[in-house]
Amino acid sequence: MCRAHGTECSLQESRQPRTSIAAQLSPGGLTPRLRRDTRDSESSAERLSRLTVDRSTTAGSVDPRSMPSGLAPVFSASPASPYHRDRASVPEPFSNHQRPLELDEAEDDSPHIICPAIASDKGFLDNYLASVQTGNGVIKSPLPGTTTNPVVFTRVQKRPIGLDLTSNPACSKLYTIEKFLEPWGPQVMDMYFNKANSCFPILNEASFRDRYANTRSRISPAVLACLYAHSLIYWPQDLELSRHCSPDGRFVWNLALEALYSELHLSPGISSIIATLLNIGGRPTTTMIGNGMLLGCAISLAHCLGLNRNPMPWDISEPEKQLRIQIWWCLLIHDCWSSFAYGTPPHIQRTHHDVPLPTRHYLVDGQVNDMTQKGQACIFEALASLSDVLASYLENLYSIRTQPLNRQDRASKYKLDAWIDSQTGDVRQIIIRGTNLDLPGAANLRLCFLGAKFFCRRAEMNEEAGSGASSELEAHVQVRRTVEEIVLFIQELSSRHLGDFWLPQAAFILSSAATFLIRFAVQSEIPSSGPSQSLSLRLAKDLVQSLRSHSECHGWELGDICLGQYAEIVQSLVDQETSEGTRSGQELTPYIADSSLFDSIMVDQWDPFLWADM
Numbered sequence: 118m119c120r121a122h123g124t125e126c127s128l129q130e131s132r133q134p135r136t137s138i139a140a141q142l143s144p145g146g147l148t149p150r151l152r153r154d155t156r157d158s159e160s161s162a163e164r165l166s167r168l169t170v171d172r173s174t175t176a177g178s179v180d181p182r183s184m185p186s187g188l189a190p191v192f193s194a195s196p197a198s199p200y201h202r203d204r205a206s207v208p209e210p211f212s213n214h215q216r217p218l219e220l221d222e223a224e225d226d227s228p229h230i231i232c233p234a235i236a237s238d239k240g241f242l243d244n245y246l247a248s249v250q251t252g253n254g255v256i257k258s259p260l261p262g263t264t265t266n267p268v269v270f271t272r273v274q275k276r277p278i279g280l281d282l283t284s285n286p287a288c289s290k291l292y293t294i295e296k297f298l299e300p301w302g303p304q305v306m307d308m309y310f311n312k313a314n315s316c317f318p319i320l321n322e323a324s325f326r327d328r329y330a331n332t333r334s335r336i337s338p339a340v341l342a343c344l345y346a347h348s349l350i351y352w353p354q355d356l357e358l359s360r361h362c363s364p365d366g367r368f369v370w371n372l373a374l375e376a377l378y379s380e381l382h383l384s385p386g387i388s389s390i391i392a393t394l395l396n397i398g399g400r401p402t403t404t405m406i407g408n409g410m411l412l413g414c415a416i417s418l419a420h421c422l423g424l425n426r427n428p429m430p431w432d433i434s435e436p437e438k439q440l441r442i443q444i445w446w447c448l449l450i451h452d453c454w455s456s457f458a459y460g461t462p463p464h465i466q467r468t469h470h471d472v473p474l475p476t477r478h479y480l481v482d483g484q485v486n487d488m489t490q491k492g493q494a495c496i497f498e499a500l501a502s503l504s505d506v507l508a509s510y511l512e513n514l515y516s517i518r519t520q521p522l523n524r525q526d527r528a529s530k531y532k533l534d535a536w537i538d539s540q541t542g543d544v545r546q547i548i549i550r551g552t553n554l555d556l557p558g559a560a561n562l563r564l565c566f567l568g569a570k571f572f573c574r575r576a577e578m579n580e581e582a583g584s585g586a587s588s589e590l591e592a593h594v595q596v597r598r599t600v601e602e603i604v605l606f607i608q609e610l611s612s613r614h615l616g617d618f619w620l621p622q623a624a625f626i627l628s629s630a631a632t633f634l635i636r637f638a639v640q641s642e643i644p645s646s647g648p649s650q651s652l653s654l655r656l657a658k659d660l661v662q663s664l665r666s667h668s669e670c671h672g673w674e675l676g677d678i679c680l681g682q683y684a685e686i687v688q689s690l691v692d693q694e695t696s697e698g699t700r701s702g703q704e705l706t707p708y709i710a711d712s713s714l715f716d717s718i719m720v721d722q723w724d725p726f727l728w729a730d731m
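Quick note: to get the working numbering, add 117 to the position in the sequence shown (first position is 1).
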């Protein structure tokens, strides 16, 4: 009986929803409304029975211990991927390793991971019901060693109830962006894959281009909108586009952000995470709070979709495994460096995921002989592992503890040194000597390494506080030497390096370096020797001059935050060098006209290293 119209409901057998027993037995009695698929007229029980038999026929080629749990295969990790389709019942034009990965949000339901505490109970019931449907009447015992940390998913409704879904607001935003970029839309997309995605692989380029060419309507509008906005920073680097006036990037970004928020509200899914990565990875950075909110939302959604679990033993295609690994590590990298930059604790805990590092062998096809692609894969692998090292330091930094550091915490102090020793080849030369920076992504890796090194030295300096004048001075000198490496690195950047890929959070490395230099100059050097003899002040002046030159000559905006905060302060301190010469016999004390400027040196909202001193 229809509750809305009071009429009898008539349902055709061939139009049954693709409801699985996993969905019917979901926690709390939740029975999500699943997408009806005319391609599959089987009932869920029939399909479960057939799939169980089909899977068992190939069991000889799969190690049972590789299964993520002792559950029936159809309810194990195999349907975890949002891109996964029933390959046994629906023939695909592509093979397991060639079919395109879907970025559409056509389905009304979404996979959702189940709490590990009840996963084994659910697996038992699924196994029992499967045996009843097949007529065996026997419950198969789980394989030994397969019930540890099971990964089980159910289906949940992702769209809000009661909303008109006939129109998608994100589509109108995308349409406006595309009309705004005409006729350069394809070139803008090429810029993204050539400049950004090659160094920070969020998307599978071949799969995305195939989907864009054949079934473009099934790609999330938010993904396309954020991709266009993300690419505009590289407009001056393109030989053809640089001859034309660049579109208003802020206007495009606002439309893309509205499209993303609309999708997060109406249909959150894997494409929402991809769009968020494109958004928070865009330049220039204009809102810390907005980026932090989007990042937290994306990480929460990633946990719901099970992206924090190792997909390698799952029964999904290799491209799906690769995409899940890449998306998770892109999230982790942004989470670490956002925590580093914004002064907020990281969202991702290192004990809550087991996703393997995206190795170069997995990022690049073994048949590819392009040395540039292999080099980019090595750089991304190094950036991911460096971020993992940084995560261990951040956990200690933001830990609210009353007890002293234990042995494991003390050992984490040497993780960066161990990471350096583990690097080989071009990557080792990039991080240690600063050479081979012409390789795409190398300059960003070098700056991130120097930022992590500065972070470690700065933390060690805080630990030396109160241990003695000589120890404190030595710690200050070590930090200043690291900052000097950052200044020299910025001075040596060429136009090619400036037009390369950069993490937007790297801008705060420059701001934090300037904070330390000015503070050390004001507190230690200027009172004793005057501005003209302050090495820290000279380094700060060189940094400001280099950043201003890069901004004016090449449009490199990564230093704008540092310039906006400290250019005036540095100039005020440098001007004292002339005025001090006329004040003979007077005490050499720094003078800053506006006291609020001095306050900004001591407590800087952009500097995560000073929070412990407040």
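We put the beta carbon where it would ideally sit given N, CA and C, even for glycine.
Nothing here was measured: the structure is a model prediction, and the numbers come from that model.
Residues of its chain near VAL596, where Cβ-Cβ distance is below 6 Å and the 5 sequence neighbours each way are ignored: ARG574, ARG575, MET578
The segment 421 to 428 / the segment 440 to 451 touching (three or more Cβ pairs under 8 Å): yes
- prompt: Between which two residues does the beta strand (DSSP E) containing ASP226 stretch?
  reply: 226 to 230
query: Which class does VAL273 belong to by DSSP, given the choice of helix, strand or coil?
result: strand
- request: Spatial neighbours of THR402 within its chain, please: CB distance less than 8 Å, with the 5 preceding and 5 following residues excluded, ordered by chain position.
  value: ASN408, PRO621, GLN622, ALA624, ILE678
- prompt: On the three-pair Cβ rule with 8 Å, is the segment 289 to 297 touching the segment 355 to 369?
  reply: yes
query: Just reading off the alpha helix (DSSP H) that LEU650 is part of, what are its end residues?
result: Residue identity differs from the one stated: residue 650 is Gln in this sequence, not Leu. No alpha helix (DSSP H) contains GLN650, which DSSP labels as neither H nor E.
message: When you compare the segment 597 to 611 with the segment 535 to 542, are there three or more beta-carbon pairs, one atom per stretch, that lie closer than 8 Å?
response: no
- request: Please classify SER733: does DSSP put it in a helix, a strand, or coil?
  value: One cannot answer for residue 733 here, as it falls past the ends of the chain, which runs 118 to 731.
query: For ILE607, is the classification buried or exposed, using 16 other Cβ atoms within 10 angstroms of its Cβ as the cut-off for buried?
result: buried
task: Look at the alpha carbon of ALA392 and the alpha carbon of LEU341, and state the distance between them as a whole number of angstroms.
output: 8 Å
message: In chain order, what are the residue ranges of uninterrupted alpha helix (DSSP H) at least 4 long that sit wholly in the segment 426 to 490?
response: 435 to 459, 477 to 480
Simplified DSSP assignment, three categories, for SER183: Any reading at SER183 is ruled out, since the residue's pLDDT is 37, under 50, leaving its predicted position unreliable.
message: Quick check on DSSP: helix, strand or coil for ARG268?
response: In the sequence under discussion, the amino acid at residue 268 is Val, which differs from the Arg named in the question. Coil.
query: In whole angstroms, what separates the C-alpha of SER384 from that of VAL273?
result: 12 Å
query: Considering only residues of the same chain and omitting the five flanking positions on each side of LEU514, which have a CB-CB separation below 6 Å?
result: none
task: Round the Cβ separation of VAL604 and LEU564 to the nearest angstrom and send it over; I've been treating them as touching at under 8 Å.
output: So it is not a contact: roughly 12 Å between Cβ atoms.
query: What first and last residue would you give for the alpha helix (DSSP H) that runs through GLY413?
result: 405 to 421
- prompt: Whose C-beta lies closer than 7 Å to the C-beta of ASP93 among residues of the same chain, with five residues either side of it excluded?
  reply: With the chain covering 118 to 731 only, the question about residue 93 has no answer from this structure.
message: Do ILE416 and HIS469 count as a contact pair if the criterion is CB distance below 7 Å?
response: no
message: Using only the alpha-carbon positions, how far apart do LEU675 and LEU503 sit?
response: 21 Å
- request: Helix, strand or coil for GLN540, going by three-state DSSP, please let me know.
  value: coil
Endpoints, the alpha helix (DSSP H) within which ARG367 is located: 366 to 383
- prompt: Can you list, in chain order, the residues of its chain whose CB lies under 6 Å from that of ALA630, leaving out five sequence neighbours each side?
  reply: VAL600, ILE603
message: Is it buried or exposed, ASN314, if we count other Cβ atoms within 10 angstroms and call 16 or more buried?
response: buried
field: Closest by C-alpha distance to ALA638, when choosing among GLY681, LEU590, SER611
entry: LEU590
query: Looking at TYR351 and LYS312, is the spacing between their C-beta atoms short of 7 Å?
result: yes
query: When you compare each of ARG335, ALA376, LEU554, PRO353 to TYR309 by their alpha carbons, which one comes out closest?
result: PRO353
- request: Ignore the nearest five residues each way along the sequence and tell me which others in LEU654's own chain have a CB closer than 6 Å to its CB.
  value: ALA638, PRO648, LEU690
task: Please work out which residues of its chain come closer than 8 Å, Cβ to Cβ, to CYS495, disregarding the five sequence neighbours upstream and downstream, and give them in chain order.
output: ARG477, GLY542, ASP543, VAL544
field: Buried/exposed call for PRO303, threshold 16 Cβ in 10 Å
entry: exposed
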